[in-house]
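Numbering (my numbering), first residue to last: 171 to 499.
For glycine and all other residues, C-beta sits at the position ideal for the given N, C-alpha and C.
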Ligand code: UT7
């Protein structure tokens, strides 16, 4: 049975930097509050004249392909992960297929919010292990900025989220000890309404009423925080136990960038050193499905992900959904 490994990574960040001070001009908030509660200094917002969730994903994918020394025509299958697609339907996967000018390969969309990219990696890994595909493109891309309530009413959500895209190319290898060792996926739908956007929705009788609580994301922040700090260590330990490792064996943990306080909590609980955990939420904010691939791509670019390293990816978010992946690089 072949194994799958990550052959290339890429990310794309839109140009417009939005600082906490910029947000102070839009809503009642302060740089101090945002830094203290979330660790975020800035985030980037897309320019809708030229950026879309799909084309940012395509730009990240082209970089990942280039870094893998591959061409779009080498890709056998596309997995596109987002909570902010260009259209309600069809999904972004088919748009990426067209933008990359690839022949009629399959494209799958995954809607698992902050855990989306890890669910995507897991699906790609199974396709490769089963022998169905040899090269799978997994993309996480988000534009939050056009869908946030940027008034004081929406400040607990609006200050956290940012836009961006990241991509990974997974390929088959015959080496049994290289690549994705295992993936672990979970969900708990009883908390679906703790972090959600309702509209546009097939169950809605209010489709045209533009009610703020329905068209903007709403979040019970403290409850999401409470579950995140339990589920992250749990799912990371699940991956380590499955493969006979302990936290001290991890070379780099890349947690979904939900909130710097959450990452610090995980680090403390798992007794990890600073150099074992990668964070970039300070600069980019929380980019949900794009956060893990952006962070992984950036860490790789900086030389922090090296051949032979044990890399752990983990995520938690709306659904609730959570997941992990352990990789021997
Ligand atoms: O991506 C995965 C899913 N998301 C997460 O993992 C996020 C998890 N949750 C969090 O990160 C935190 O709950 C937040 C950062 C969202 C909020 O922090 P908190 O410490 O839970 O604050 P809170 O919502 O309990 O609000 C505390 C106070 C409230 O005022 P009162 O009622 O105490 O007077 C809020 O109105 O802070 C107020 N507040 C703000 N003040 C200034 C809420 N948002 C803001 C803001 N600026 N942006």
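Just the C-alpha distance for residue 140 and residue 255, rounded to the nearest angstrom, thanks.
-> Residue coverage of the chain in this structure runs from 171 to 499, which leaves residue 140 outside it and unanswerable.
Return the first residue and the last residue of the beta strand (DSSP E) that residue 484 is part of.
-> Along the chain shown, one-based indexing puts residue 484 at 314. 480 to 487 is the extent of the beta strand (DSSP E) around residue 484.
Compute the beta-carbon to beta-carbon distance between residue 425 and residue 441, rounded to the nearest angstrom, for a pair I have assumed lies under 8 Å.
-> Against the chain shown, residue 425 aligns to sequence position 255. Against the chain shown, residue 441 aligns to sequence position 271. With 8 Å as the limit, residue 425 and residue 441 do not qualify as a contact, their Cβ atoms being about 15 Å apart.
To the nearest angstrom, how far is it from the Cα of residue 285 to the Cα of residue 490?
-> For the purposes of this step, residue 285 is identified with residue 115 of the chain shown, where counting begins at 1. For the purposes of this step, residue 490 is identified with residue 320 of the chain shown, where counting begins at 1. Distance between the alpha carbons of residue 285 and residue 490: 9 Å.
Mind checking whether the beta-carbon of residue 365 lies closer than 7 Å to any heavy atom of ligand 1?
-> Locating residue 365 in the chain shown gives position 195, where the first residue counts as 1. Indeed, a heavy atom of ligand 1 lies less than 7 Å from the Cβ.
Whole angstroms is fine: what's the gap from residue 283's alpha carbon to residue 344's?
-> Counted from its first residue, the chain shown places residue 283 at position 113. Counted from its first residue, the chain shown places residue 344 at position 174. A straight line joining the alpha-carbon of residue 283 with that of residue 344 spans about 32 Å.
Opening and closing residue of the alpha helix (DSSP H) in which residue 290 lies | Taking the first residue of the chain shown as 1, we reach residue 290 at position 120. Its alpha helix (DSSP H) spans residues 286 to 299.
Give the DSSP bridge partners of residue 175, in chain order.
-> Reading the chain shown from its first residue, position 5 is the one you call residue 175. Looking at the DSSP assignment, residue 175 forms a beta bridge with 341.
Apart from the five residues on each side of it in sequence, which residues of its chain come closer than 6 Å, Cβ to Cβ, to residue 264?
-> Along the chain shown, one-based indexing puts residue 264 at 94. So the qualifying residues of the chain are 277.
Of all the options 216, 319, 291, which has the alpha carbon lying nearest to the alpha carbon of residue 250?
-> Counting from 1 along the chain shown, the entry for residue 250 is found at position 80. The candidate whose alpha carbon is nearest that of residue 250 is 291.
Could you please give the first and the last residue of the uninterrupted beta strand (DSSP E) stretch that includes residue 214?
-> If you number the chain shown from 1, residue 214 lands on position 44. Boundaries of the beta strand (DSSP E) around residue 214: 212 to 215.
Is residue 203 near ligand 1, going by C-beta to nearest heavy atom under 7 Å?
-> Here residue 203 refers to the residue found at position 33 of the chain shown. Yes, the Cβ of residue 203 comes within 7 Å of a heavy atom of ligand 1.
3-residue-minimum beta strand (DSSP E) runs that sit fully inside the segment 212 to 248, ordered along the chain = Whole beta strand (DSSP E) segments, 3+ residues: 212 to 215.
Since I believe residue 467 is in contact with residue 181 (beta carbons under 8 Å), could you give me their beta-carbon distance rounded to a whole number of angstroms?
-> Walking along the chain shown from the start, residue 181 turns up at place 11. Walking along the chain shown from the start, residue 467 turns up at place 297. At roughly 4 Å, the Cβ-Cβ gap stays under 8 Å, so residue 181 and residue 467 are in contact.
Give the range of the alpha helix (DSSP H) segment to which residue 410 is assigned.
-> Indexing the chain shown from 1 puts residue 410 at position 240. Note, residue 410: alpha helix (DSSP H), 391 to 412.
Taking 7 Å as the line, does the beta carbon of residue 394 fall inside it for any heavy atom of ligand 1?
-> The residue given as residue 394 occupies position 224 in the chain shown. Correct: residue 394 has its Cβ closer than 7 Å to ligand 1.
At 3 residues or longer, and completely inside the segment 343 to 385: list those beta strand (DSSP E) runs for me, N to C.
-> Restricted to the segment 343 to 385, the beta strand (DSSP E) segments that are unbroken, complete and at least 3 residues in length are 349 to 357, listed in chain order.
Could you tell me whether the Cβ atoms of residue 402 and residue 486 are closer together than 8 Å?
-> The residue you call residue 402 lines up with position 232 of the chain shown. The residue you call residue 486 lines up with position 316 of the chain shown. Yes, the Cβ-Cβ distance between residue 402 and residue 486 is below 8 Å.
How many Å lie between residue 370 and residue 262 at the Cα?
-> Here residue 370 refers to the residue found at position 200 when the chain shown is read from its first residue. Here residue 262 refers to the residue found at position 92 when the chain shown is read from its first residue. Rounded to the nearest whole angstrom, the CA to CA distance from residue 370 to residue 262 is 17 Å.
Span of the beta strand (DSSP E), counted from its first residue to its last, around residue 329 = Taking the chain shown and counting its residues from 1, the one referred to as residue 329 is at position 159. Looking at the DSSP string, residue 329 is not in any beta strand (DSSP E), and its letter there is neither H nor E.
Distance between residue 312 and residue 266 (C-alpha atoms, nearest Å) | As a working note, residue 266 is residue 96 in the chain shown. As a working note, residue 312 is residue 142 in the chain shown. If I take the Cα positions, the gap works out to 14 Å.
Relative to ligand 1, is the shortest distance from any of its heavy atoms to the C-beta of residue 450 smaller than 7 Å?
-> Here the question's residue 450 lines up with position 280 in the chain shown. Between ligand 1 and the CB of residue 450, the shortest heavy atom gap is not smaller than 7 Å.
Kindly list the residues whose CB is nearer than 7 Å to the CB of residue 187, restricted to its own chain and excluding five residues on each side of it in sequence; keep chain order.
-> Looking up residue 187 in the chain shown gives position 17. Closer than 7 Å at Cβ, skipping near neighbours: 212, 214.
Name the DSSP bridge partner or partners of residue 472?
-> In the chain shown, counting from the first residue as 1, residue 472 sits at position 302. Residue 472 pairs with nothing; no bridge assigned.
For the beta strand (DSSP E) that contains residue 117, what are its first and last residues?
-> Here the chain has residues from 171 to 499 only, and residue 117 is not among them.
Excluding the 5 residues preceding and the 5 following residue 270 in the sequence, name in chain order all residues of the same chain whose CB lies nearer than 7 Å to its CB.
-> Along the chain shown, one-based indexing puts residue 270 at 100. Taken in chain order, the residues that qualify are 228, 231, 242.
Less than 8 Å separating the beta-carbons of residue 464 and residue 454?
-> Residue 464 sits at position 294 when you count from the first residue of the chain shown. Residue 454 sits at position 284 when you count from the first residue of the chain shown. Residue 454 is positioned such that its CB atom lies closer than 8 Å to that of residue 464.
For residue 492, which beta-bridge partners are listed by DSSP?
-> Counting from one through the chain shown, the residue named residue 492 turns up at place 322. Per DSSP, 356, 486.
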